[in-house]
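Since the structure comes first, as structure tokens, the remarks are kept for the end.
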DNA sequence: GCCGTTTTCGGCCCGACTGTTTTCAGTCG
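Residue numbers (this note's numbering): 523 to 1090.
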């Protein structure tokens, strides 16, 4: 898929146009980039059908550039702009506080093209003499370069969420109301920073407590209504305090996404209103229509309440206007976990320990899916061990009579698409999870064939972590998504949403696509110890971001129904 | 450069904080 590549080019064009003080075009390019980036379909397919201009935000001119990129692998307009200001935009704009205007100034005056140039100039005290700059700006740049290098920016949802909850728990003592906002509340797979919103009878005290928390490494800004700190863990946290009457509109505003808010504000304008963080106002009389609750704001705009996970401008605004939002699956609908490992292979706990933890989490079933076959690193079990494990699970099922343990295995899909275990054994276990662990450097067509062969194998129930990506570490494997998802549906194979924080695979976009294609999904934590069974909530988050309803997620089914599905 | 439930031309979301300023531009969300 060239979607990301193309989106990146348009984002950069937007920045470069902004450097040249071009009006409005940057916004147009950014919008197109955002829409292309979140397409679930390969943009080349859309191009082949001649439907590029049907993508929102893509008109004649941008469609031309997409076409040019697909056909020639480059965009002349982009190359031309790059020559005018030949800097490493991605690198430089990763430094907090550096935007297009400053980057341009730094290049024009000092020839700064990348982080190294920037650091050198700052250390030599050259930046402070530029117009609009000073000593403090220079100092800040130096500090932020170091940070930009160290962190690379974003952190995983699964790591940010517990930390954020801890802060909320501490701060709520000083607040009347408090909530997460921003990308964390939307449960994006990675988080740039944490946003917290609060109402307080004693705002000053709350700000003081916030900026003096143990976790704080540095206070970046402190004001009456907004403060920012950097935690020792490197995460930036913004706290905003608003009036009680504005809490709903502020929460809506600070939850974003930015693109979602732009759409919602347009609806407001269309109705003769104005929407900002203080409330929804009648434009003429300036009378406040709503603002205390988010629900009230959406309602006043004639929309259904939109759950935060959907607020990505992927069609939710239109759906909410039409009363057509999905009834999203909830954590409480999920009755069990469909992938985990124990001491039988590479896990840390026994089956019984996993059962007990599952019960604690409110599950009524789990699937034990240890590695089998020649995947020796993961302690793959042989045929005899599988039979022994079967006996242990049988007796545990008798012991815990309100709880059910499915006996499963996770089997490797070999390079040729065959499974790494004899069919005879696989037929005897309850549930077979197939997955790719060694991706080689297979071309897309071969990878597609490999997956299709596995999906067509009648013993396979679930395809786990289908793209095998590791966030920020390993690229997703490339395959023909349409063909593979079609085959999953036709062969009644469930696709997994793997809930490991660095996997989240399928991701929200692909999972949404799978649902649209009629494929069923499962959530598996892939836990290798009992503590990480709690990652189930990350899987639910991805499902919700994928617009999944209860019926789309098999973890919500009864044990009987699952047994039938697995014995297909 | 895109778009249309007033529009095929004339609009395009809105406000806080910072650092430099003495009234504001740039950045961020």
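All residues carry an ideal CB built from backbone N, CA and C; glycine is no exception.
Please go through the same chain and pick out, in chain order, the residues whose beta-carbon is closer than 7 Å to the beta-carbon of residue i, but skip the five residues on each side of it.
i           : result
residue 727 : 696
residue 870 : 1050 and 1051
residue 739 : 752, 753 and 754
residue 744 : 729 and 733
residue 655 : 649
residue 514 : Residue 514 is absent from the structure shown; the chain starts at 523 and stops at 1090.
Report the option in the options whose CA atom is closest to the CA atom of residue i.
i            : options                  : result
residue 914  : 872, 1015, 1045 and 946  : 872
residue 719  : 702, 609 and 735         : 702
residue 819  : 838, 845, 769 and 836    : 769
residue 1084 : 1035, 889 and 563        : 889
residue 965  : 950, 948, 998 and 979    : 998
residue 705  : 730, 689 and 677         : 677
residue 1086 : 957, 952, 1059 and 1069  : 952
residue 641  : 668, 1027, 912 and 566   : 668
residue 1007 : 992, 1026, 1021 and 1034 : 1034
residue 978  : 1000, 648, 941 and 996   : 941
residue 1047 : 902, 885, 1036 and 1071  : 885
residue 876  : 765, 1029 and 1056       : 1056
residue 688  : 737, 573, 1071 and 661   : 737
residue 931  : 954, 533, 972 and 878    : 954
residue 861  : 983, 1041, 661 and 766   : 983
residue 1010 : 757, 973, 944 and 993    : 973
residue 853  : 957, 569, 608 and 1060   : 1060
residue 624  : 659, 867 and 896         : 659
residue 891  : 844, 948, 841 and 855    : 948
residue 810  : 817, 700, 797 and 821    : 797
residue 556  : 530, 593 and 542         : 530
residue 807  : 816, 570 and 794         : 794
CB-CB under 6 Å to residue i, same chain, minus the five flanking residues each way: which ones, in chain order?
i           : result
residue 760 : 717 and 750
residue 547 : 539
residue 775 : 799
residue 741 : 733 and 751
residue 887 : 858, 926 and 1081
residue 584 : 554
Grouping DSSP H, G and I as helix and E and B as strand, with all else coil, what is residue i?
i            : result
residue 645  : helix
residue 1043 : strand
residue 546  : coil
residue 640  : helix
residue 771  : helix
residue 1001 : coil
residue 1082 : helix
residue 577  : coil
residue 955  : strand
residue 1025 : coil
residue 758  : strand
residue 1071 : strand
residue 610  : coil
residue 1013 : coil
residue 979  : coil
residue 1018 : strand
residue 632  : helix
residue 1049 : strand
residue 480  : Residue 480 lies beyond the range of the chain shown here (523 to 1090); nothing can be said about it.
residue 558  : helix
residue 652  : coil
residue 676  : coil
residue 663  : helix
residue 985  : strand
residue 992  : strand
Since residue i and residue j should fall inside the 8 Å C-beta cutoff, what is the C-beta to C-beta distance between them, to a whole number of angstroms?
i            : j            : result
residue 772  : residue 746  : Incorrect: roughly 14 Å between the Cβ atoms, too far for contact.
residue 851  : residue 1062 : 7 Å
residue 1018 : residue 986  : 4 Å
residue 1077 : residue 1045 : 5 Å
residue 635  : residue 610  : 6 Å
residue 558  : residue 577  : 7 Å
residue 908  : residue 935  : Not a contact, Cβ separation roughly 18 Å.
Regarding residue i and the ligand ZN, is the C-beta to nearest heavy atom distance less than 8 Å?
i           : result
residue 766 : Of ligands this structure carries none, so the ligand ZN is not represented either.
Could you name the residues of the same chain whose beta carbon sits closer than 8 Å to that of residue i, not counting the 5 residues immediately before and after it, in chain order?
i           : result
residue 839 : 782, 785, 786, 789, 825 and 828
residue 708 : 777, 778, 779, 830, 831, 833, 834 and 1067
residue 652 : 627, 628, 631 and 632
Extract the residue ranges of the beta strand (DSSP E) inside the stretch 686-754, only unbroken runs of 3 or more that lie entirely within it. 699-703, 716-721, 738-744 and 748-753
Taking only runs that begin and end inside the stretch 915-943, name each unbroken beta strand (DSSP E) of 3 or more residues, in chain order. 926-934
Counting only runs that start and end within the stretch 789-835, where is the alpha helix (DSSP H) found for 4 or more residues in a row? 816-822
Can you check the stretch 844-915 for any alpha helix (DSSP H) of at least 4 residues that lies completely inside it and give the ranges in chain order? 873-882
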